[in-house]
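Working notes for the structure below.
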Amino acid sequence: MTTFFRWARRCTPVWWSRPCRCARRRYRDPDSFLSCPKEFVVKFKSNLLTVAVVCALSATSFVASAQTLRVADQGDALSMDPMSLNESLQLSVDGNMYEGLTGRGKDLSLAPALATSWKQTSPTVWRFELRKGVQFHDGTPFTADDVLFSFQRASADGSDMKSYTNDIKEVRKVGDFAVEIETKAPFPILPDVVSLVYIMSKKWCETNQATKPVDRRKGIENAASFRENGTGPYRLRERQPNVRTVMERFGNYWGKVEGNAQQVVFTPIGNDATRVAALLSGEVDVMEPVPVQDIGRVNANASTKVMVGPELRTIFLGMDQKRDELLYSSVKGKNPFKDKRVRQAFYQAIDIEGIKTTVMRGASRPTALMIGPGNNGWTAEQDKRLPYDVEAAKKLMVEAGYPNGFELTMNCPNDRYVNDSRICQAVAANLAKINVKINLQAETKGTYFPKILRRDTSFYMLGWTPSTYDAHNALNALMVCPDDKTGAGQFNLGSYCNPKLDELTHKIQSENDKAKRLAEIKEAFAIHAADVGHIPLHQQSLAWGMSKKISLVQRADNFMDYKWVHINKADAR
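In the working numbering, the protein residues as written are 3 to 575.
Right under this line is the structure:
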């Protein structure tokens, strides 16, 4: 491997050695680097992927300066548009360049960001005082106009962040440095909700024809896909989708940057072995996730370590419960998933402890709920799975009229969650025991997410971290009846629907009495469990591999804040 990396260093990547020459103009912007649009970017064949990765890693030497942080992940941030995909990796990467009105501290507590303070002036109105003297990366001053514009953009068609704004009635300007947000009903956790509505420059978006969000469902791109103009501590220097993203410290950042990383090079490396080798050889400083089978090897290496911690994300399976006939099934004329007995049979046929032992190597926590410990509303009392029982599952299938099972396509990512495709393979093997033949379609998240977000699926895997660390977020995004106009149930991709759960979710949103609110959450979860609305699997564990010369903060939501990363001076590049 060392010889291979030495050889790879000799390849000078054309995307860095000179500006990209495109049909209309040269894409190099001194304020916010814009790489070639993807129609001009070379599409590497799968058998050239490793070479592309190595060249991307070796190219670090061309941009390296003092305190360059090199980060690798199993997948890429799919867009620089912070409203195009509600996915934690993308929001984490983009969140180093963009900010919301509120943010998170090292302990995930709510913290001021572009708003310095907030208060409830009436049951349905919140007033946010905005930070003065803030600049976007192009030097444009930040004002209330940018807040109004950003919330309108986040609520627009194509936005993947509509579930964060669907309960907002109006955002009003109160001078240049204050806004009022009026909600449709009392909303005590609104300051938590808006932390991921990243603020964009109205002027920049209008100038660059990016007033509408990038719509990944329809494959619509704009300048915000490849460029950025936020207020965060880092600004975009270079963007090559699926190859690498380079950020540099923004000198006019309003806040304090505790770390010393002047530049960050983010490289997606989908292959587990290649990603681990890059860390062990010193080609990258931080990478995640560390495959569970390699944690011991990384810890045994003299210069690397693994930081392990609990993650708030829940991995689950969803089923199309709306269509009268499944899109991808051998059953014609009806939908087996409309029968609760079939959904329960699938649930009880899955050996979750076996998956924990053989696939996750113990690095998972089986769950019966759509949220895990650390989220408000979780209770151990309710977190009890239905028993793994193949015979009971077979009986349910017979009762539902499927004694011989059926054939079904399952959609699964292969570069998003820890061992995601292997989990799906294990589920397929489990379901074979009740005569269900799974045709597994595992693919990169770049094609997987647009497909399932169109609800073009019959059976799928998804992971969810409540951004507010509260049960309401999961209920509103994953379990209420989908409403494409408001964004409610935006990620309820199988269209599970129970009006009683919807009613409770609305009550939970407005309830200020903690005891009443917890009781309503418990009732909503009980309804969902009784319906087998989804099949919860587990909460996965965080495993970040890093050089021992790196110190950072590991957030339980799997966000990585580069402003808190410190590189030992002896290792400065």
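C-beta atoms are modelled at their ideal positions from N, C-alpha and C, and glycine is treated no differently.
Requested in this report: Figure out for me which residue from G284, V308, R219 has the closest Cα to the Cα of G160.
Outcome: Here residue 160 refers to the residue found at position 158 when the sequence shown is read from its first residue. Selected option, being the one with the closest Cα: R219.
Query - Those residues which DSSP pairs with W546 across a bridge - result: Locating residue 546 in the sequence shown gives position 544, counting from the first residue. W546 is bridged to M309.
Query raised in the report: With distances taken from CA atoms, which of G257, L192, M82 is nearest A225?
Result: Here the question's residue 225 lines up with position 223 in the sequence shown. A225 has its Cα closest to that of M82, out of G257, L192, M82.
Query raised in the report: Looking at the structure shown, is G1 part of a helix, part of a strand, or coil, going by DSSP?
Result: Nothing about residue 1 can be read from this structure; the chain reaches only from 3 to 575.
Query - Three-state secondary structure assigned by DSSP to I552 - result: To locate residue 552, count along the sequence shown from 1; it is residue 550. Three-state result, I552: strand.
**Report entry** Rounded distance between the beta-carbons of K108 and V392, thought under 8 Å
**Finding:** Here the question's residue 392 lines up with position 390 in the sequence shown. Here the question's residue 108 lines up with position 106 in the sequence shown. At roughly 45 Å, the Cβ-Cβ gap does not stay under 8 Å, so V392 and K108 are not in contact.
Query raised in the report: Between which two residues does the beta strand (DSSP E) harbouring G105 extend?
Result: In the sequence shown, counting from the first residue as 1, residue 105 sits at position 103. Looking at the DSSP string, the run of the beta strand (DSSP E) that includes G105 is 104-106.
Query raised in the report: Quick one, are the C-beta atoms of P215 and A158 less than 7 Å apart?
Result: Translated into the one-based positions of the sequence shown, residue 215 becomes position 213. Translated into the one-based positions of the sequence shown, residue 158 becomes position 156. Their beta carbons are under 7 Å apart, which means P215 touches A158 by this criterion.
Query raised in the report: Looking at the structure shown, is S81 part of a helix, part of a strand, or coil, going by DSSP?
Result: Residue numbering aside, residue 81 sits at position 79 when the sequence shown is read from its first letter. S81 falls in the coil class under three-state DSSP.
Query raised in the report: Hey, out of K565, V127, T142, whose CA is closest to K134's CA?
Result: For the purposes of this step, residue 134 is taken as residue 132 along the sequence shown, with counting starting at 1. Nearest option by C-alpha distance: T142.
Query raised in the report: Could you give the distance in angstroms between the alpha-carbon of S283 and the alpha-carbon of P389?
Result: Residue mapping note: residue 283 aligns to position 281 of the sequence shown, counting from 1. Residue mapping note: residue 389 aligns to position 387 of the sequence shown, counting from 1. The alpha-carbon atoms of S283 and P389 are separated by roughly 45 Å.
Requested in this report: Determine the contact status of C483 and D458, defining contact as a CB-CB distance below 7 Å.
Outcome: Within the sequence shown, the letter at position 481 stands for residue 483. Within the sequence shown, the letter at position 456 stands for residue 458. It is not a contact, given that the beta carbons lie outside the stated cut-off.
Requested in this report: Assign I222 to one of two classes, buried (16 or more other C-beta atoms within 10 Å of its C-beta) or exposed (fewer than that).
Outcome: Along the sequence shown, one-based indexing puts residue 222 at 220. Exposed, since its Cβ has fewer than 16 Cβ neighbours within 10 Å.
Query - In DSSP terms, what L608 is bridged to - result: Residue 608 lies beyond the range of the chain shown here (3 to 575); nothing can be said about it.
Query raised in the report: With C-beta atoms as the reference, is Q137 less than 7 Å away from N273?
Result: Counting from one through the sequence shown, the residue named residue 137 turns up at place 135. Counting from one through the sequence shown, the residue named residue 273 turns up at place 271. For Q137 and N273, no; Cβs fall outside 7 Å.
**Report entry** Coarse secondary structure for K45, derived from DSSP in three states
**Finding:** On the sequence shown, residue 45 is found 43 positions in, with the first residue counted as 1. Caution is warranted here: a pLDDT of 38 is assigned to K45, below 50, making its placement in the model unreliable, and no coordinate value can be reported.
Report task. Tell me the start and end of each unbroken beta strand (DSSP E) in the region 319-362 that is at least 3 residues and wholly inside, in chain order. Result -> none
Query - Separation of K397 from R155, as counted between CA atoms - result: Counting from one through the sequence shown, the residue named residue 155 turns up at place 153. Counting from one through the sequence shown, the residue named residue 397 turns up at place 395. If you take the alpha carbons of R155 and K397, they lie about 50 Å apart.
Query raised in the report: Which first and last residues belong to the beta strand (DSSP E) in which A117 is found?
Result: Counted from its first residue, the sequence shown places residue 117 at position 115. Looking at the DSSP string, the run of the beta strand (DSSP E) that includes A117 is 117-124.
Requested in this report: Check the DSSP bridge columns for D75 and list the partner residues they point to.
Outcome: The residue you call residue 75 lines up with position 73 of the sequence shown. According to DSSP, D75 bridges with P270, E290.
Requested in this report: Starting from the Cα of A302, find the closest Cα among N560, P125, K550, H530 and give me that residue.
Outcome: Counted from its first residue, the sequence shown places residue 302 at position 300. In this structure, K550 is the residue among N560, P125, K550, H530 with its C-alpha nearest to the C-alpha of A302.
Requested in this report: Using a threshold of 7 Å, state whether the C-beta atoms of V420 and P291 are closer than that.
Outcome: As a working note, residue 420 is residue 418 in the sequence shown. As a working note, residue 291 is residue 289 in the sequence shown. In this structure, P291 lies closer than 7 Å to V420 by Cβ.
Report task. Mind listing, in chain order, the continuous beta strand (DSSP E) runs of no fewer than 3 residues lying wholly within the region 162-190? Result -> 170-175, 180-185
Report task. State the DSSP-derived secondary structure class of S34, mapped to helix, strand or coil. Result -> In the sequence shown, counting from the first residue as 1, residue 34 sits at position 32. Summary for S34: the model assigns pLDDT 38, below 50, so the residue's position carries little reliability; its value from the coordinates is reported in the next sentence. Residue state, collapsed to three classes: coil.
Query raised in the report: What residue does the alpha helix (DSSP H) around S94 start on, and which one ends it?
Result: Working through the sequence shown from its first residue, we reach residue 94 at position 92. Element bounds for S94: 90-96.
Query raised in the report: Is there contact here, the region 174-188 with the region 204-211, by at least three beta-carbon pairs under 8 Å?
Result: no
Requested in this report: Taking F527 as the reference, give the member of Q541, D515, S543, K502 with the closest Cα.
Outcome: Reading the sequence shown from its first residue, position 525 is the one you call residue 527. Ranking the options by Cα distance to F527, first place goes to K502.
Query raised in the report: For the 8 Å Cβ check, are there 3 or more pairs between the region 485-504 and the region 436-448?
Result: no
Report task. Compute the minimum distance between the beta carbon of L455 and the heavy atoms of the ligand SAM, and state whether it is under 6 Å. Result -> This structure lacks the ligand SAM; in fact it carries no ligand of any kind.
Query raised in the report: Of the choices L150, E260, G407, M309, whose alpha-carbon is the least far from that of D178?
Result: Stepping through the sequence shown from its first residue, residue 178 is reached at position 176. Comparing Cα positions, the closest option is L150.
**Report entry** Cα-Cα separation between M463 and S227, rounded to whole angstroms
**Finding:** Position 461 of the sequence shown, counting from 1, holds the residue named residue 463. Position 225 of the sequence shown, counting from 1, holds the residue named residue 227. For M463 and S227, the distance between alpha carbons rounds to 26 Å.
Query raised in the report: If we ignore side chains and look at the alpha-carbon of each, how far apart do D341 and A402 end up?
Result: In the sequence shown, counting from the first residue as 1, residue 341 sits at position 339. In the sequence shown, counting from the first residue as 1, residue 402 sits at position 400. Taking the straight line from one Cα to the other gives about 7 Å.
Query raised in the report: What three-state label does DSSP hand T316 in the structure shown?
Result: Translated into positions along the sequence shown, residue 316 becomes position 314. T316 falls in the strand class under three-state DSSP.
Requested in this report: Check whether the Cβ atoms of G547 and M362 lie closer than 7 Å to each other.
Outcome: Start at 1 with the first residue of the sequence shown, and residue 547 comes out as number 545. Start at 1 with the first residue of the sequence shown, and residue 362 comes out as number 360. Not in contact: G547 and M362 (Cβ atoms no closer than 7 Å).
Query raised in the report: If we ignore side chains and look at the alpha-carbon of each, how far apart do I552 and I569 end up?
Result: On the sequence shown, residue 552 is found 550 positions in, with the first residue counted as 1. On the sequence shown, residue 569 is found 567 positions in, with the first residue counted as 1. Distance between the alpha carbons of I552 and I569 is about 5 Å.
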